[in-house]
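The structure under discussion appears below in the form of structure tokens.
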Amino acid sequence: MIKLAVNLSMIFSEVPLIERFALARQHGFDHVEIQFPYELSIQQIREQLNQHQLSLCLINVPAGDLMQGGNGIAGIPGREVEFSQAVDLALEYAVALNVPSVNILAGKQPLDSDLLPCLNALANNLKYACAKFSKQHIQPVIEMINGTDMPRFLIQNIAQAQDILDAVNHSALKLQYDCYHMAMMQEHVLEALQENIHNIGHIQFADCPHRHQPDTANLPYADIFEYLAQSDYRGFVAAEYKPSPNSEQSFAWKEKYFSES
1 MIKLAVNLSM IFSEVPLIER FALARQHGFD HVEIQFPYEL SIQQIREQLN QHQLSLCLIN
61 VPAGDLMQGG NGIAGIPGRE VEFSQAVDLA LEYAVALNVP SVNILAGKQP LDSDLLPCLN
121 ALANNLKYAC AKFSKQHIQP VIEMINGTDM PRFLIQNIAQ AQDILDAVNH SALKLQYDCY
181 HMAMMQEHVL EALQENIHNI GHIQFADCPH RHQPDTANLP YADIFEYLAQ SDYRGFVAAE
241 YKPSPNSEQS FAWKEKYFSE S
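Going by the UniProt record's numbering, 180 is the number at position 180 of the sequence shown; the sequence numbering is gapless.
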């Protein structure tokens, strides 16, 4: 059975984050993920999870200035201390809230930097993060993000992600597979998912190219969800999309594909 989750950073964004847990429960979700939960305290999140009988299945390591248009911290030589502090904060939240997976955003190659030092810094930082998270039985994942939405992102496709997995060489490190980003990178979404499922620790989905909910464009979600339901994949599968026209009216896919869940 697919372990379905909803992303509270992108969905239910019509209300403050602390009010979105209740909406997730109202719409029948048992699991939630939050990109950056740090605007709320651990105690605030714990209270919401307990009150609404939810589990928090994924958070991101703080990414510095990445989401404001900067380069982030994970792949920037000289920002290792800042990265280690970000890992420590994510670890504190993950341990306290029983979060099984933590996503590490690679960040972007600065315009004035060569690629190789950035990749080396990223690999070394990931080794550090893997050691810290794995000691607490938390799975670190790295995400491929398309170069249209985020130019110069250090990991844009599966081949680049595989190179990083090889460089880090830590059994705990897995891929976060976002169907939308893979479609934007012209990957065959279902085939790539099948070919790499053994390296995938977390899955997210949205349609492409506008990143709305499934069945608003052309990605074959009937086939994708059927494959995942029949596969040996045991990670979470999370809705992470821009709701259209709004969150409340964006769940036809859930009734269509998960009505018996």
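For each residue, glycine too, the CB sits at the ideal point set by N, CA and C. The structure displayed is predicted, hence computed values, not measured ones.
When burial is assigned at 16 or more other CB atoms within 10 Å of the CB, is residue i buried or exposed?
| i | result |
| --- | --- |
| VAL102 | buried |
| GLU187 | buried |
| GLN139 | buried |
| HIS210 | exposed |
| ASP207 | buried |
| LYS174 | buried |
| GLU33 | buried |
| ALA159 | exposed |
| VAL168 | buried |
| ASN98 | exposed |
| GLU240 | buried |
| LYS256 | exposed |
| ALA252 | exposed |
| PRO151 | exposed |
| PHE131 | Strictly speaking, residue 131 in this sequence is Ala, with Phe absent from that position. Its Cβ having fewer than 16 others within 10 Å, ALA131 is exposed. |
| MET1 | exposed |
| ASN60 | buried |
| ALA96 | exposed |
| GLN48 | buried |
| PRO43 | According to the sequence provided, residue 43 is Gln. The question's Pro does not apply to it. GLN43 should be labelled exposed. |
| LEU119 | buried |
| LEU228 | buried |
Using the three-state DSSP reduction, which class does residue i fall into: helix, strand or coil?
| i | result |
| --- | --- |
| SER55 | strand |
| HIS181 | helix |
| GLN204 | strand |
| GLU33 | strand |
| GLN156 | coil |
| ASN246 | coil |
| SER101 | strand |
| GLN176 | strand |
| ASN7 | strand |
| PHE21 | helix |
| ALA86 | helix |
| residue 303 | Coverage of the chain is limited to positions 1 through 261, which leaves residue 303 absent and any answer about it impossible. |
| VAL61 | coil |
| PHE258 | helix |
| VAL81 | helix |
| VAL168 | helix |
| VAL15 | coil |
Would the beta-carbon of residue i fall within 7 Å of that of residue j?
| i | j | result |
| --- | --- | --- |
| ILE142 | TYR177 | no |
| PHE153 | HIS202 | no |
| ALA172 | SER231 | no |
| LEU8 | ALA63 | no |
| GLN156 | MET185 | yes |
| GLY23 | PHE12 | It is Leu, not Gly, that sits at residue 23 in the sequence shown. It is a contact, given that the beta carbons lie within the stated cut-off. |
| GLY107 | LEU66 | yes |
| ALA5 | HIS31 | yes |
| ILE197 | TYR221 | no |
| ASN254 | HIS212 | A small correction: the amino acid at residue 254 is Lys; Asn does not occupy that position in the sequence shown. No, these two residues do not count as a Cβ contact at 7 Å. |
| ALA238 | GLN204 | yes |
Could you tell me whether the Cβ of residue i comes closer than 7 Å to any Cβ of chain C?
| i | result |
| --- | --- |
| LEU126 | Although the question refers to chain C, the structure presented lacks it and comprises just one protein chain. |
Does any heavy atom of the ligand SAH sit closer than 6 Å to the C-beta of residue i?
| i | result |
| --- | --- |
| GLN51 | You won't find the ligand SAH in this model; it holds no ligand whatsoever. |
Three CB pairs or more closer than 8 Å across the stretch 113-127 and the stretch 72-90:
yes
Which ranges would you report for the beta strand (DSSP E) in the stretch 116-148 if only whole runs of at least 3 residues count?
Runs of the beta strand (DSSP E) lying entirely within the stretch 116-148, each at least 3 residues long, are 139-143 in chain order.
I'd like to know if the stretch 19-34 and the stretch 62-70 are in contact, where contact means that at least 3 CB-CB pairs between them fall below 8 Å.
No: fewer than three Cβ pairs fall under 8 Å.
Flag this pair as touching only if the stretch 102-122 and the stretch 246-261 have three or more C-beta atom pairs under 8 Å; answer yes or no.
no
Taking contact to mean 3 or more Cβ pairs, one atom from each stretch, closer than 8 Å, check whether the stretch 83-90 and the stretch 45-58 are in contact.
no
Segment contact flag, the stretch 188-197 with the stretch 128-148, C-beta cutoff 8 Å, min 3 pairs
no
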